[in-house]
Amino acid sequence: MKRDILSILDLSKEELDVVLSSASELKRLRKDGKFPDLLNKKTLGMIFEKASTRTRVSFEVGMFELGGHALFLNPQDMQLDRGEEIRDTARVLSRFLSAVMIRAYKHSTIVEMAKYTTIPVINGLSDLEHPCQIIDDIQTMKEHFGSVKNLNVAWVGDGNNVCNSLILSSALTGYNVNVASPKGYLPPEGIIEMAESAGAKFTFCNNPKEAVSDADVIYTDTWVSMGSEEEEKDRLCDFMGYTVNNELLKDASSRAIVMHCLPAHRGDEITDSVMEGSQSVIWDQAENRLHAQKALLVMLLGDVYDASGV
Ligand code: CP
Ligand code: NVA
């Protein structure tokens, strides 16, 4: 049966553990210049309704390094832009490709793609979730702390797609997610209900200092996600006081690490000096997109993974 990864909760705890250990093994092999051909002749179609640097490059490089091939599909250059329906596109792509990765404005577009394909569909970011980002983030936290269970992860900023997946992921990892967002910017009710029924561990407040006070990880993201550009002026006002800066870090442990999924808006949600500072793991986090997604692709498409003799 084909598997789709539309939400971080589409992975079980056991599968997440397999993906994380495979990601760290693939990272180690790559550092030694070894590239196992685990996806020989496999193909990934990548549909991007919105811009991307990390997701596009890491999936494309990942497929190449595993012996497969990725195709960048701009909806504006496809018949989708001239009205061909998702369900028709989905069926046709299923006859050519091994899997589809799709970044869309509406989560429902990705759900529809998954419904009509017979191949795995991966959510490369929607208005609701960013599961690939979160697998990478868990890998990054694990590298830093050894175990992620019971860590305190403070989210400072918008209750957006990345925040939603982070909250949901606590049901798999056992860390606590403490979200500090201005009024009106908490995650949507549907995500909160899903998180509660999955056993996620999370709290909400409107005070960044409170959220970071016992944090092991301080995580932020843009205040203006793709698709919210029209609200930019209001958002920049509403998020005043939510910048992750050196002053905020003084309220946290000096052992806390700072994460950002990128792209960053220096001076808004995070300052230059925090991004460049000693607590930032942002560049390692960016690199791990590659390893985590290779591992996910291998889980979905590969033969049984066996690194012995590679
Ligand atoms: N973090 C992330 O998904 O980056 P891109 O938008 O560049 O893909
Ligand atoms: N929340 C951001 C994440 C970008 C990777 C957005 O949706 O634009």
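If you read the sequence shown in my numbering, its first letter stands for residue 1, the second for the next number, and so on. Note that the Cβ used here is the ideal one computed from N, Cα and C, for glycine as well.
| query | Is ARG103 helix, strand or coil when you go by DSSP? | reply | strand
| request: Apply the 10 Å Cβ neighbour rule to LEU6 and answer buried if 16 or more other Cβ atoms are within range, or exposed otherwise. | output: buried
| Rounded Cβ spacing between VAL298 and LEU39 (contact assumed at less than 8 angstroms) | About 7 angstroms; that satisfies the 8 angstroms criterion.
| Which listed residue (ALA292, GLY157, GLU189 and GLU231) has its alpha carbon closest to that of VAL244 | GLY157
| said: Give me the residue from PRO188, GLU85, LYS34 and LEU26 with the minimum Cα distance to ASN161. | reply: PRO188
| From what residue to what residue does the alpha helix (DSSP H) around ALA256 run? | No alpha helix (DSSP H) holds ALA256; DSSP gives it neither H nor E.
| query | With a cut-off of 8 angstroms, do at least 3 Cβ pairs link the region 62-71 to the region 110-128? | reply | no
| task | Evaluate GLY309 with the Cβ neighbour count: other Cβ atoms within 10 Å of its Cβ, from every protein chain shown; 16 or more gives buried, anything less gives exposed. | result | The predicted position of GLY309 is uncertain, since its pLDDT is 48 and thus under 50; a value taken from the coordinates is nonetheless stated next. Exposed, since its Cβ has fewer than 16 Cβ neighbours within 10 Å.
| message | Is there a C-beta anywhere in chain D that falls below 9 angstroms from the one on HIS130? | response | Among the protein chains of the structure shown there is no chain D, as only one such chain exists.
| task | Starting from THR220, trace the beta strand (DSSP E) both ways and give me its first and last residue. | result | Boundaries of the beta strand (DSSP E) around THR220: 217-220.
| request: Would you mind working out which of ALA99, LYS34 and HIS291 sits nearest LYS42, comparing C-alpha positions? | output: ALA99
| request: Using three-state DSSP, classify HIS336 as helix, strand or coil. | output: Nothing can be reported for residue 336, as the shown portion of the chain is limited to 1 through 310.
| query | Looking at SER225 and the ligand NVA, is the gap between the Cβ and the nearest heavy atom below 8 angstroms? | reply | yes
| query | So, helix, strand or coil for SER7, using DSSP? | reply | Coil at SER7, not helix or strand.
| message | When you compare the CB positions of THR220 and MET194, do they come within less than 9 angstroms of one another, or not? | response | no
| request: Given a cut-off of 9 angstroms, decide if THR222 and PRO182 are closer than it, judged by their beta-carbon atoms. | output: no
| query | How would you label ARG235, buried or exposed, when you count the other beta carbons within 10 angstroms and need 16 or more for buried? | reply | buried
| request: Kindly examine the ligand NVA and report whether one of its heavy atoms sits closer than 8 angstroms to the Cβ of ASP238. | output: no
| From ILE270 to ASN123, what does the alpha carbon distance come to, in whole angstroms? | 26 angstroms
| Residues that TRP155 bridges to, as DSSP identifies them | VAL179 and TYR219
| Cβ shell of LYS13 (< 7 angstroms), same chain only, five flanking positions each side left out | LEU172
| field | Run of the beta strand (DSSP E) containing CYS205, from where it starts to where it stops | value | 202-205
| said: So, at 8 angstroms on beta carbons, what are the nonlocal neighbours of SER213 in its own chain, with the 5 sequence-adjacent residues on each side left out? | reply: The answer, listed in chain order, is ASP251 and ALA252.
| query | Tell me the DSSP bridge mates of PHE48? | reply | ARG103
| task | Check each candidate in LYS115, LEU166 and ILE135 and name the one with the smallest Cα separation from ALA23. | result | Nearest C-alpha to ALA23: ILE135.
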